[in-house]
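Worksheet: the structure to be examined is printed underneath.
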Amino acid sequence: MSEDSALLERYQAVQTRIARAVEQAGRKEGSVALLAVSKTKPVEMISALAKAGQKAFGENYLQEALPKIARHPELEWHFIGPIQSNKTKPIAEHFAWVHSVDRLKIAERLSHQRPPELGNLQILLEINISQEASKAGFSPEEAMKAAQQIAQLPNLTLRGLMAIPEISADPQQQRAVFAKMKTLLQQLQAALPELPLDTLSMGMSGDLEAAILEGATIVRIGTDIFGARSYPATAL
Ligand SMILES: *Cc1c(COP(=O)(O)O)cnc(C)c1O
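Numbering (my numbering), first residue to last: 12 to 247.
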């Protein structure tokens, strides 16, 4: 089997898992978007998936992402990695979405640096839902105030929440954490009805089913599409 056909087979298998979980959850067909997380993988793999119809790609490292974006400006690029404040300008200029907004200062810089002619940058608040000391993100208690402040900023549209929960192999445990994210989003929706808060970015290769059962609208899948990475993700 050629490398490309193995890639397309894994991609198809992930799409099937998503469709099954959507059905099992009793949710509408097409209500969960697949973000293909291409970090550390060559642009040729992105080209092959784009040809197969995949539109949205996630990247964690700016230096690595920029040449890929230059090759495929027609795709929808999502920044999902940790953000240093000196990197916000190129992120604001080259991405359509940012999932990893973890402090107000980052949102302010993205707002200021987003070229207005590109339209609003779509952003998600990263929530440290498992309350791990080592992880970035707003605590669940901080989310409301942050959302209210970020809602005021020009050139950004706050769309919802993102989380990278503590790794667990137990589906019940996975679901319990994702359910907390859903409740938090519902609280924000009730308090800020003027915002289009329609997005829950949660679920990766090992827990996409649990995330979809609890309301994920974007799942971020790397390994199960592209294969194992030869160097680890700094976000994990
Ligand atoms: C790497 C990464 C993913 C993809 O993880 P896999 O387990 O390889 O599917 C998803 N989200 C974030 C934030 C990541 O850094």
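Even glycine gets a Cβ: it sits at the ideal position worked out from N, Cα and C.
Since this is a predicted model, take the numbers as computed values, not measurements.
Would you give the residue range spanned by the beta strand (DSSP E) that residue i belongs to?
i      : result
Met173 : 167 to 174
Thr228 : No beta strand (DSSP E) holds Thr228; DSSP gives it neither H nor E.
Ile134 : 132 to 138
His89  : 87 to 90
Val109 : 108 to 112
Glu70  : 67 to 70
Ala47  : 44 to 48
Ser212 : 210 to 212
Does the Cβ-Cβ distance between residue i and residue j come in under 7 Å?
i      : j      : result
Ser2   : Pro176 : Examination of residue 2 is not possible in this model, given that the chain is present from 12 through 247 alone.
Gln133 : Thr99  : no
Trp108 : His83  : no
Leu206 : Ala162 : yes
Met213 : Ala202 : no
Gly148 : Asp181 : no
Lys52  : Glu70  : no
His110 : Met173 : yes
Val33  : Val43  : yes
Ser216 : Thr234 : yes
Ala47  : Gln65  : yes
For residue i, which residues in the same chain have their Cβ closer than 6 Å to its Cβ, ignoring the five residues on either side in sequence?
i      : result
Gly226 : Lys193, Leu211
Ser179 : Gln185
Arg125 : Ala103, Leu132, Asn166
What separation, rounded to the nearest whole angstrom, lies between the Cα atoms of residue i and residue j?
i      : j      : result
Leu60  : Ile232 : 13 Å
Tyr72  : Glu87  : 16 Å
Leu18  : Ile236 : 7 Å
Leu247 : Arg240 : With a pLDDT of 40 at Leu247, under the threshold of 50, the predicted position of this residue should be treated as unreliable, though the coordinate-derived value follows. The straight-line gap from Cα to Cα measures roughly 12 Å.
Glu152 : Phe68  : 30 Å
Ile138 : Gly171 : 10 Å
Gly92  : Ser13  : 31 Å
Ser122 : Leu196 : 22 Å
Gln183 : Leu45  : 23 Å
Ile94  : Leu77  : 15 Å
Lys116 : Asp15  : 42 Å
Leu219 : Thr27  : 12 Å
Please determine whether the Cβ atom of residue i lies at a distance below 6 Å from any heavy atom of ligand 1.
i      : result
Arg38  : no
Gly171 : no
Val33  : no
Gly233 : yes
Ser216 : yes
Asn139 : no
Asn166 : no
Ile57  : no
Val48  : yes
Ile175 : yes
Asn97  : no
Asn71  : yes
Among the residues of its own chain, which have a CB less than 7 Å from the CB of residue i, if the five just before and after it don't count?
i      : result
Ala190 : Glu225
Ile57  : Ser49, Phe68, Lys79, His83
Ala36  : Ile223, Leu224
His105 : Leu77, Ile80, Trp88
Pro127 : Asn166
Could you spell out where the alpha helix (DSSP H) holding residue i opens and where it closes?
i      : result
Val54  : 54 to 62
Leu77  : 73 to 82
Leu219 : 219 to 224
Ser16  : 14 to 35
Leu115 : 115 to 124
Give me, in chain order, the residues of the same chain whose beta-carbon lies closer than 8 Å to that of residue i; leave out the 5 immediate sequence neighbours on both sides.
i      : result
Arg120 : Ser96, Thr99, Lys100, Ala103
Arg21  : Asp235, Ile236, Phe237, Gly238
Val54  : Pro78, Lys79, Arg82, His83
Should residue i be counted as a contact of ligand 3 given a C-beta to heavy atom distance under 6 Å?
i     : result
Ile91 : Annotation note on ligand 3: not contained in the displayed structure, which lists ligand 1 as its ligands.
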